[in-house]
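A.B. asks:
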Amino acid sequence: MGDKNVATVRFHTEGVEAELYGRIMEGKKEAGVSVPDYIKQILKEYFENKDREDSRNEWIEQFGWEIARVVEQAVRNCISGGNVNAMGTGTALIADAEAVGLPEQSEEIPEGALDFLDGME
Numbered sequence: 001m002g003d004k005n006v007a008t009v010r011f012h013t014e015g016v017e018a019e020l021y022g023r024i025m026e027g028k029k030e031a032g033v034s035v036p037d038y039i040k041q042i043l044k045e046y047f048e049n050k051d052r053e054d055s056r057n058e059w060i061e062q063f064g065w066e067i068a069r070v071v072e073q074a075v076r077n078c079i080s081g082g083n084v085n086a087m088g089t090g091t092a093l094i095a096d097a098e099a100v101g102l103p104e105q106s107e108e109i110p111e112g113a114l115d116f117l118d119g120m121e
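For what it's worth, my numbering labels the leading residue of the sequence shown as 1, then goes sequentially.
(1) Give the C-beta separation of residue 59 and residue 116 to the nearest angstrom, bearing in mind that I take them to be a contact with Cβ-Cβ under 8 Å.
(2) Determine the DSSP secondary structure at residue 113, reduced to helix, strand or coil.
(3) Residue 10: which of 22, 4, 3 sits nearest, CA to CA?
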């Protein structure tokens, strides 16, 4: 084998594993490649999609915490006698967003902000 790693997979001849094996055989025929190449392709796509999903989830989580912080500050401002119209107009949310260091409101989407959508095809 030289400088190659080897992985062996065995499938039962009945049940879910037999069905999975059949799907692999059909897929490799359609793709016109060998079984090992087809399985490598499936695994590569799986891990690439997982990495994109993990990245997207991390971004969504970070964004959620930032929004939660801004909303919390706006609510605290309202409760403490600040802008009582804040909940109805959203004015305090914008002011508080600036106070906590978020960028100014803009009609333009920042470059790279939607890059996570590239993998959702």
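Backbone N, C-alpha and C fix where the C-beta goes; we use that ideal spot for every residue, glycine too.
C.D. replies: According to the structure shown:
(1) Counting from one through the sequence shown, the residue named residue 59 turns up at place 59. Counting from one through the sequence shown, the residue named residue 116 turns up at place 116. The Cβ separation is near 6 Å, so the contact holds.
(2) One-based indexing of the sequence shown puts residue 113 at position 113. DSSP places residue 113 in coil when its eight states are reduced to three.
(3) Locating residue 10 in the sequence shown gives position 10, counting from the first residue. The option with the nearest alpha carbon to residue 10 is 22.
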